[in-house]
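K.L.:
Here the protein sequences come in this chain order: W and E.
Residues in the first sequence are numbered consecutively from 1, following UniProt numbering.
Residues in the second sequence are numbered consecutively from 1, following UniProt numbering.
For reference, the structure I am asking about is given below.
2 protein chains.
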Amino acid sequence: MSEIKDKGRAAKAASFQLIGKSSEAKNQALKCIASQLIEDQEIILQENGKDLEAGKAKGFTSSVLDRIMLTEKRINDMASAIILLTELPDPIGETLETIEKDNGLLIKKTRVPLGVIGMIYEARPNVTVDAATLSLKTGNAVILRGSSSAFYSNKALVTSIHRALSKTELPVDAVQLIEDTSRETAKELFHLKEYLDVLIPRGGKNLIDTVVRESTVPVLETGAGNCHVYIDESAEPAMAERIVVNGKTQRPSVCNAIESLLIHENWFNKYGTELLTSLVNKDVEIFGDHTICKVLPEAKLANEEDWGSEYLALAISIKVVKDTAEAVEHINQYGTKHSEAIITNDQGNAARFLQSVDAAAVYHNASTRFTDGFEFGYGAEIGISTQKLHARGPMGLQAMTSSKYFVYGTGQIRE
Amino acid sequence: MSEIKDKGRAAKAASFQLIGKSSEAKNQALKCIASQLIEDQEIILQENGKDLEAGKAKGFTSSVLDRIMLTEKRINDMASAIILLTELPDPIGETLETIEKDNGLLIKKTRVPLGVIGMIYEARPNVTVDAATLSLKTGNAVILRGSSSAFYSNKALVTSIHRALSKTELPVDAVQLIEDTSRETAKELFHLKEYLDVLIPRGGKNLIDTVVRESTVPVLETGAGNCHVYIDESAEPAMAERIVVNGKTQRPSVCNAIESLLIHENWFNKYGTELLTSLVNKDVEIFGDHTICKVLPEAKLANEEDWGSEYLALAISIKVVKDTAEAVEHINQYGTKHSEAIITNDQGNAARFLQSVDAAAVYHNASTRFTDGFEFGYGAEIGISTQKLHARGPMGLQAMTSSKYFVYGTGQIRE
């Protein structure tokens, strides 16, 4: 028997035990996990040290090592996030629809857990704790398949979670960690339809593309963000500069950062040079069209790949366009359906842009950096969906649920 | 250029033209299609005749020929269904959530079309009209890939729809029929991620399994129904018999018909023989466990395959169980997560059954035959989802929509 099948079966069995557990029982278990992580902090940091050492030996960059690294503060932050999670309302059991039929049938559409959630993710060990606790809060079992680069950290975290769960009403088997991080186990997970209700990939474009291409288990695609800002003719120059510079430079490594800029030609003629200078002063590398390259000698000429790039770094592609329609067309061709913004004082152009651009979140006069479960007020986030089915945009607790029709009769049949 | 790519591109362009079309414009177009179908009835029946003749020559059974056949009445029924559709509320544009942030950001989660829907289906030409009109009502473009056995009928129906659309505000390209019904075009459709937002298979288990296995486009799985009725110890004998006999025999070819029966041993000892006799009198073939075969010599011994079978015919599998827990376990092992019923006067057993059985619709003292978009009051149905993401159970107009966050600011950035 394979590890994947064994753990799949155990998680499925646990998911049935989770059905009907009270919000109190689930929150109690979450609090128990929070304290246990603090209690086990020393051993967790020690195991994390092994991953860091292995990573250094493999020559990982400091930014990758930073993603793997746990600290006392980071563990405390995990515990605080779990406590905040216990304060969120429990979505399970909510009545979504009540239908009373003339024949006396009473139909209640009710929110229920998905069952077993598979998470496949890269470096960050905090995803282990996030995914486990969000799953438990929503009554789901979870199978975690992290990266080999965080093997010891993930194992220590899950051991701590198991230790906590063993003191609660919730089944220990509800959280499963796949220890064999080979490609073969990933493939097996993609086809574990018998036990998995959904698979959520978290990581780079390659991982997500592979999961979408190969998985027969339904996938919640979380996504790459090639986010654009379009500066329309009537945009306020100060607002445009603030949104673009902040959106590009405040945290370039996140998916809602700005990756591409479209500028109306008339606005560009008046304020373009100043904006380009602001970006250059912040060390942003610029890939521009011919117009940009003419006024900014240090700009590189953008190629087809640049227009589709999610740089996740201090780099941006810039194109001058003749109107809103051209901006919309460009975005619908190169965007990743994540977050797109227009800066304009023209309400008509704003409305056309927001309606025509095909993305999870569209902004008028605000930064795309707000696409985030916490910023939207959901209090939690399992990822940002760039697909259109089930959930689109920041996914909070509700995205981790399904529904079920409960039908109550007195012997009704179809005539 | 391939037919699939060309039509995919045209449908995608049309889907953008559909954005923001008023409910009036959409309903007007639907009415126009309804009249055009009536007007074109003669040519449609003539073309349908070609399919019927080809089908007879290929030796199709009368039930398959009946599925292909159109009549004056069936075309009138299609037109009436379209008129009813115009009377349903338009889901598009509905505000699903309004979030006001302290920083002044206003976030509106709004219902929007999915974009382009792919439908891949078997024989019945009425699916062509259903899928096209439900898609237009929800602002979606649609790519129809029917079966070669209904080639002439589908072509005549889509020609009629195009003729109607050309007189309206909606783009003719919003409805595309794939004329090459080879396996190659089906495969191409499975990977048309560039243009397709969702793929909905309608047909037998083989078709659905193939689509789920091969498609990289997100799939809305509509489903097989191996529906069970569990007769608990305290079930009223008359109610149990009525629900079982009606659920099995009233229309055996549909997915919500009863395929398997589980009976509490004590109930069986009292009323079992009578129930079996009723089924036999209705010509139902019985595949039973050892207990059933002992009391009913004409029963065949059920094998592993029978417990998982969706007979779609006058046949049923029957097993005697010792309690509700055994019934639930059996259903969760062999069921297809469609519709499951318990007949009992014990509220505790009913609650346990409804909660523990993993299915789209669960029934207490009523027939599984009610799992249907029209019976649930949705006024339309594109299929019954047996998956847990996006939509579960009967899918009405809302299942054909997505959501989008519209965010309105005054220059806000992340600090």
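Note that beta-carbon positions come from the ideal geometry of N, C-alpha and C, so glycine has one too.
Please report the Cβ distance between W:Pro91 and W:Thr168, rounded to the nearest whole angstrom; I am assuming they are in contact, meaning their Cβ atoms lie under 8 Å.
P.N.:
No, W:Pro91 and W:Thr168 are not in contact; Cβ-Cβ is about 20 Å, not under 8 Å.
K.L.:
Taking only the alpha-carbon atoms, compute the straight-line gap between E:Leu99 and W:Ala325 and give it to the nearest angstrom.
P.N.:
Looking at the sequence shown, residue 99 of chain E is not Leu but Ile. Roughly 29 Å separates the two Cα atoms.
K.L.:
Taking the C-alpha atoms as reference points, what is the distance between E:Leu312 and W:Glu214?
P.N.:
Whole-angstrom Cα-Cα distance: 32 Å.
K.L.:
Just to confirm the assignment, what range does the beta strand (DSSP E) spanning residue 429 of chain W have?
P.N.:
With chain W covering 1 to 415 only, the question about residue 429 of chain W has no answer from this structure.
K.L.:
Excluding five sequence neighbours on each side, which residues of the same chain lie with their C-beta closer than 8 Å to the C-beta of W:Asn76?
P.N.:
Same-chain partners within the cutoff: Ile38.
K.L.:
Under 7 Å, Cβ to Cβ, is there at least one residue of chain W near E:Phe406?
P.N.:
Closer than 7 Å to some Cβ of chain W, the Cβ of E:Phe406 qualifies, so yes.
K.L.:
So W:Asn256 packs on W:Thr371, CB below 8 Å; how close in whole Å?
P.N.:
Contact flag correct, Cβ pair sits at about 4 Å.
K.L.:
E:Gln333 touches chain W at which residues, Cβ-Cβ below 9 Å?
P.N.:
Under the 9 Å cutoff, chain W gives no residues; its nearest Cβ is about 10 Å from E:Gln333.
K.L.:
If you measure between the beta carbons of E:Arg251 and W:Ile413, is that distance less than 7 Å?
P.N.:
Cβ distance not < 7 Å, so E:Arg251 and W:Ile413 don't count as in contact.
K.L.:
In or out: E:Lys404 buried (at least 16 other Cβ within 10 Å) or exposed?
P.N.:
E:Lys404 is buried by the Cβ-count criterion.
K.L.:
Can you give me, in chain order, the residues of the stretch 349-361 of chain W that have a beta carbon less than 8 Å from any beta carbon in chain E?
P.N.:
Per Cβ criterion, the list reads Leu354, Gln355, Ser356, Asp358, Ala359, Ala360 and Ala361.
K.L.:
Give a yes or no on whether 7 Å exceeds the smallest Cβ distance from W:Gly286 to chain E.
P.N.:
The displayed chain sequence assigns Ile, not Gly, to residue 286 of chain W. Chain E, which has no Cβ nearer than 7 Å to the Cβ of W:Ile286, makes this no.
K.L.:
From the DSSP secondary-structure annotation, give me the bridge partner or partners of W:Val202.
P.N.:
According to the sequence shown, residue 202 of chain W is Arg rather than Val. DSSP lists W:Tyr121 as partners of W:Arg202.
K.L.:
Between the Cα of W:Glu179 and those of W:Leu207, W:Thr128 and W:Asp283, spot the shortest distance and give me the residue it belongs to.
P.N.:
Comparing Cα-Cα distances from W:Glu179 to each of W:Leu207, W:Thr128 and W:Asp283, the minimum goes to W:Thr128.
K.L.:
Spell out the partners DSSP gives W:Arg213 in its beta bridges.
P.N.:
Answer is none; W:Arg213 lacks a bridge partner.
K.L.:
Using a Cβ-Cβ distance cut-off of 7 Å, determine whether W:Gly411 contacts chain E.
P.N.:
Answer yes: the Cβ-Cβ gap between W:Gly411 and chain E drops below 7 Å somewhere.
K.L.:
Taking the straight line between their C-alpha atoms, what separation do you get for E:Thr71 and E:Ser80?
P.N.:
For E:Thr71 and E:Ser80, the distance between alpha carbons rounds to 14 Å.
K.L.:
Apply the 10 Å Cβ neighbour rule to W:Asp197 and answer buried if 16 or more other Cβ atoms are within range, or exposed otherwise.
P.N.:
With 16 or more Cβ atoms within 10 Å of its Cβ, W:Asp197 is classed as buried.
K.L.:
Listed from N- to C-terminal order along the chain, which residues in the stretch 13-36 of chain W have their beta-carbon within a distance smaller than 7 Å of any beta-carbon of chain E?
P.N.:
Per Cβ criterion, the list reads Phe16, Ile19 and Gly20.
K.L.:
Kindly indicate which three-state DSSP category W:Ser317 falls into: helix, strand or coil?
P.N.:
W:Ser317 falls in the strand class under three-state DSSP.
K.L.:
Do W:Ile343 and W:Ile231 count as a contact pair if the criterion is CB distance below 7 Å?
P.N.:
Result yes, Cβ atoms of W:Ile231 and W:Ile343 sit closer than 7 Å.
K.L.:
For the beta strand (DSSP E) containing E:Glu100, list its first residue and its last residue.
P.N.:
It spans Thr95 to Glu100 - the beta strand (DSSP E) in which E:Glu100 sits, taken as one unbroken run.
K.L.:
What whole-angstrom Cβ distance do W:Thr386 and W:Gly223 have, given they're in contact under 8 Å?
P.N.:
W:Thr386 to W:Gly223, Cβ: 3 Å. Contact.
K.L.:
Check whether the stretch 130-146 of chain E touches the stretch 14-32 of chain E, counting contact only when three or more Cβ pairs, one atom from each stretch, lie closer than 8 Å.
P.N.:
Verdict: yes, contact present.
K.L.:
Could you confirm whether any beta carbon from chain W is found closer than 7 Å to the beta carbon of E:Tyr378?
P.N.:
Not one chain W Cβ lies under 7 Å of E:Tyr378.
K.L.:
What three-state label does DSSP hand W:Arg74 in the structure shown?
P.N.:
The answer is helix: DSSP assigns W:Arg74 an H, G or I state.
K.L.:
Could you give the DSSP three-state label for E:Ala57: helix, strand or coil?
P.N.:
Looking at E:Ala57 - three-state DSSP - the assignment turns out to be helix.
K.L.:
Figure out for me which residue from E:Arg202, E:Ser160, E:Val254 and E:Leu279 has the closest Cα to the Cα of E:Ala240.
P.N.:
When each option's Cα is compared against that of E:Ala240, the closest is E:Leu279.
K.L.:
So what's E:Asn266 in DSSP terms, helix, strand or just coil?
P.N.:
Three-state result, E:Asn266: helix.
K.L.:
If you draw a straight line from the alpha carbon of E:Lys31 to that of E:Asn365, how long is it in whole angstroms?
P.N.:
Cα to Cα, E:Lys31 sits roughly 40 Å from E:Asn365.
K.L.:
Check the C-beta distance from E:Ser402 over to E:Leu96 and give it rounded, since I have them as a contact under 8 Å.
P.N.:
Contact flag wrong, Cβ pair sits at about 11 Å.
K.L.:
Of the residues that make up the stretch 112-139 of chain W, which ones have a beta carbon closer than 8 Å to any beta carbon in chain E?
P.N.:
Of all residues in the stretch 112-139 of chain W, Leu114 and Gly115 have a Cβ within less than 8 Å of some Cβ in chain E.
K.L.:
Whose C-beta lies closer than 6 Å to the C-beta of E:Glu122 among residues of the same chain, with five residues either side of it excluded?
P.N.:
The answer, listed in chain order, is Ser147 and Gly203.
K.L.:
To the nearest angstrom, report how far apart E:Gly377 and W:Phe406 are at their CA atoms.
P.N.:
Whole-angstrom Cα-Cα distance: 15 Å.
K.L.:
Can you name the residues of chain E whose CB is closer than 9 Å to the CB of W:Asp232?
P.N.:
Ordered by position in chain E, no residue passes the 9 Å Cβ test against W:Asp232, which lies about 14 Å from the chain.
K.L.:
Apart from the five residues just before and just after W:Asn349, which ones in its own chain have a Cβ nearer than 6 Å to its Cβ?
P.N.:
The answer, listed in chain order, is Asp232 and Thr324.
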